[in-house]
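When we follow numbering that gives the first Met the number 0, the leftmost residue of the sequence shown carries the number 0, and every step to the right adds one. Every residue gets a Cβ at the ideal spot worked out from N, C-alpha and C, and that includes glycine. Report on one structure; see the data block that follows.
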Amino acid sequence: MKRVLITGGSGFLGAWIIRRLTARGTDVRVFDIHANRGTVADIAGPVAHGLEWQVGDIRDANAVRLAMQGCDGVIHLAGVLTPNCSADPVRGAQINLMGSLNVFEGAHAHGIGQVVYASSAGVYGPLDARHPQPATHYGAFKLAVEGAARAYWHERHIASIGFRPFVVYGPGRETGVSAGPSIACRAAARGEACTIGYTGASGLIYVDDVAQAFEQALLVPAQGASVYNLVGQTTTMDEVMAEIRRQMPGAQLKAEGPPLTIAPGITEDGLDALLPVRLRTGLAQGIAATLDHYRKQDRPDHPST
Numbered sequence: 000m001k002r003v004l005i006t007g008g009s010g011f012l013g014a015w016i017i018r019r020l021t022a023r024g025t026d027v028r029v030f031d032i033h034a035n036r037g038t039v040a041d042i043a044g045p046v047a048h049g050l051e052w053q054v055g056d057i058r059d060a061n062a063v064r065l066a067m068q069g070c071d072g073v074i075h076l077a078g079v080l081t082p083n084c085s086a087d088p089v090r091g092a093q094i095n096l097m098g099s100l101n102v103f104e105g106a107h108a109h110g111i112g113q114v115v116y117a118s119s120a121g122v123y124g125p126l127d128a129r130h131p132q133p134a135t136h137y138g139a140f141k142l143a144v145e146g147a148a149r150a151y152w153h154e155r156h157i158a159s160i161g162f163r164p165f166v167v168y169g170p171g172r173e174t175g176v177s178a179g180p181s182i183a184c185r186a187a188a189r190g191e192a193c194t195i196g197y198t199g200a201s202g203l204i205y206v207d208d209v210a211q212a213f214e215q216a217l218l219v220p221a222q223g224a225s226v227y228n229l230v231g232q233t234t235t236m237d238e239v240m241a242e243i244r245r246q247m248p249g250a251q252l253k254a255e256g257p258p259l260t261i262a263p264g265i266t267e268d269g270l271d272a273l274l275p276v277r278l279r280t281g282l283a284q285g286i287a288a289t290l291d292h293y294r295k296q297d298r299p300d301h302p303s304t
């Protein structure tokens, strides 16, 4: 694959995917609402400043279509998270659902036969880990995108692979309620106190494991419209805090608030068949890598982004 469009590429997950794709020599074009390359530079390094970068709104169908010109692959990440969708459901639908339809329409216009996109474990509600019954507008919009992806396969023969990550953590994850474990690592590395905004158990998956899944899915010729859960390791917030304290004694951490509105116990059915060789970063290793990133980031000799 020569050139890949990444929508929402300025974000945390986009930065890690860019890191992987550029390392393999793939040209990356970013389409995003702004031109801030800070997170990408922090994660992927100087390559960030050489990327082709188009500023535009995912709600603008023409802008999305133009951004795909000359690309032979697309990874769709652009969207707003749960709090934004709850605060303004109409805007959330315009971005997360209509924006996704614009991506599929753009792929159809340019003969791109496969879309890799980010869904979410938020499609599950708090009570059922087998059957999607979202309890948030965010989860509802993501589930609607999955249905649209199936329709694009049946009606226009555009294949797709969607991933439903649970809680993704690691260097650069600094927004959203579920960013708590990553923010706690950043605070511990800086000697600051931190309160994680939710409690209970959740699937916790290190960001590079997710980035590798997107990278591999981009290269797998798909048939149909498949969706896979990315769960990682089911972990309680008490276990997360204990591991951070083990590695950073004296870390000032606490967790409060309700559990996430996603049932624990979600499984990764079919994922091994799709990605037979994939990363499985354990909690201790992922926490260590995240702490190390933030310790290095705060050194005087850390390169400016």
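With a threshold of 16 other CB atoms inside 10 Å of the CB of residue i, please say whether the residue is buried or exposed.
{"i": "Pro257", "result": "exposed"}
{"i": "Pro220", "result": "exposed"}
{"i": "Ser201", "result": "buried"}
{"i": "Arg155", "result": "exposed"}
{"i": "Pro164", "result": "buried"}
{"i": "Pro45", "result": "exposed"}
For residue i, tell me which candidate among the options has the shortest Cα-Cα distance.
{"i": "Asp56", "options": "Gly78, Val73, Glu255", "result": "Gly78"}
{"i": "Gly173", "options": "Val206, Thr198, Leu273", "result": "Per the sequence presented here, residue 173 reads as Glu, with Gly not at that position. The shortest Cα separation from Glu173 among Val206, Thr198, Leu273 belongs to Val206."}
{"i": "Val122", "options": "Gln113, Ala108, Ala139, Gly110", "result": "Ala139"}
{"i": "Ala188", "options": "Arg23, Met247, Met236", "result": "Met247"}
{"i": "His153", "options": "Pro125, Ala34, His107, Ile243", "result": "His107"}
{"i": "Ser9", "options": "Gly264, Arg19, Thr38, Leu252", "result": "Thr38"}
{"i": "Thr194", "options": "Ile5, Ile182, Thr280", "result": "Ile182"}
What is the DSSP secondary structure of residue i, counted as helix, strand or coil?
{"i": "Tyr116", "result": "strand"}
{"i": "Gln53", "result": "strand"}
{"i": "His292", "result": "helix"}
{"i": "Ile204", "result": "strand"}
In the DSSP assignment, find the unbroken alpha helix (DSSP H) run with residue i in it and report its ends.
{"i": "Gly98", "result": "98-108"}
{"i": "Pro180", "result": "179-189"}
To the nearest angstrom, how far is the alpha carbon of residue i from that of residue j?
{"i": "Asp31", "j": "Ile94", "result": "12 Å"}
{"i": "Gln53", "j": "Pro82", "result": "26 Å"}
{"i": "Ser303", "j": "Val3", "result": "Note that Ser303 has pLDDT 45, beneath the 50 cutoff, so the model's placement of it is unreliable and no number is given."}
{"i": "Ser177", "j": "Val239", "result": "13 Å"}
{"i": "Ala241", "j": "Tyr168", "result": "16 Å"}
{"i": "Ala262", "j": "Ala120", "result": "9 Å"}
{"i": "Lys1", "j": "Asn35", "result": "24 Å"}
{"i": "Leu100", "j": "Leu282", "result": "36 Å"}
{"i": "Ala158", "j": "Glu191", "result": "46 Å"}
{"i": "Gly175", "j": "Gly91", "result": "14 Å"}
First and last residue of the beta strand (DSSP E) that includes residue i?
{"i": "Leu11", "result": "In the sequence as presented, Leu is not what sits at residue 11; that position holds Phe. Segment 11-22 is the alpha helix (DSSP H) holding Phe11; no beta strand (DSSP E) there."}
{"i": "Asn83", "result": "Unbroken run through Asn83 is the alpha helix (DSSP H), 81-86; no beta strand (DSSP E)."}
{"i": "Ala254", "result": "252-254"}
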